[in-house]
Each structure stands twice: as C-alpha cells, then as structure tokens.
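**Student:** Numbering-wise, the sequence shown is residues 1265 to 1390 according to the numbering used here. Every residue, glycine too, gets a C-beta built ideally from N, C-alpha and C. No experiment lies behind these values; they were computed from the predicted model shown.
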Amino acid sequence: MNDFCNPTPIATPEQYRAAILAVRQRMTDLQLAMLQTHCRAEEHSISTNRLAELLKLPTAGSANTMYRNYAHWIADELKFVPTNLKHKHCWWLALAYGREDGDVDGDYEWIMRPELVETLKAMRWA
C-alpha cells in the first residue's frame, strides 16, 4: 500500500471539528460546496474532474487548486505534514486518501477520511 492509499486516521472527529472551525472565516462558499459534494458522493469518493463537473468549474486543475488550498489549512491546524510527491506535499491527504485500485473511470479518485465524514455529518454540513 502506498502512502496515498493509507486510510489510517490522521485526526479524531473532534480534532477535525476544531480545525474546520479554526479556518471557517477563510473558507469560501465554493470550498464549502466542494467539501459537501465530496462527502455526499457515493462512498465519499470523488475525482477532481468530477468535482469540477458537479460544481461547474472550468477545469479539474482549478478544482484541485481550491481544494488543495483548503486541505492545506486543515493540515496546518492538525499539524499534519503529508507525503511528498516530487518535492511537493500532497495536501489532499489531510481530507482524503486515494483509492487503492488507483485509476477509476480514467481519473484518480479520493475517498474522504471517515473521521472527516463523521465530523461533517455531526456539524450538519453534509
């Protein structure tokens, strides 16, 4: 199993709640919609292409950038330092882990961490 597919918890639901509330003022409506869309997706799994499509964003790249920025804020609050990929941190890992089979429908899918799903449901954000 590579680090991108590792479902080992990185935070408790309580820690996620504190992190979410700490960055709430910086979070855009679109970032909230991305988080909700990811949480509500089947099996809490989504690709950047699908996220962009559902939220009517121009490209998967723009979806990736916005969600990555939000994930970075959460990671900072959790004091979580994700895996390096070509000398860059994969901030998405603060919110999700990759699907083990790697490529689903031609696009890499990310599964939202169960502790984050639990938190969003408890907060009635999902």
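In the DSSP assignment, what residue or residues form a beta bridge with Met1376?
**Tutor:** Paired residues: Ala1360.
**Student:** Between the Cα of Ile1310 and the Cα atoms of Arg1388, Met1387 and Arg1363, which residue gives the shortest distance?
**Tutor:** Closest by alpha carbon: Arg1363.
**Student:** Taking the straight line between their C-alpha atoms, what separation do you get for Ala1358 and Lys1320?
**Tutor:** If I take the Cα positions, the gap works out to 24 Å.
**Student:** Are there any heavy atoms of the ligand HEM lying less than 7 Å away from the beta-carbon of Asp1365, as far as the coordinates show?
**Tutor:** No copy of the ligand HEM appears in this structure; indeed no ligand is present at all.
**Student:** For Ser1309, would you say it is in contact with chain D, using Cβ-to-Cβ distances shorter than 8 Å as the test?
**Tutor:** In the displayed structure, chain D is absent; only one protein chain is listed.
**Student:** Quick check on Gly1308: does DSSP put it in helix, strand or coil?
**Tutor:** Here the sequence assigns His to residue 1308, which means Gly is not the residue at that position. In the structure shown, His1308 sits in a helix (DSSP, three-state: H, G or I).
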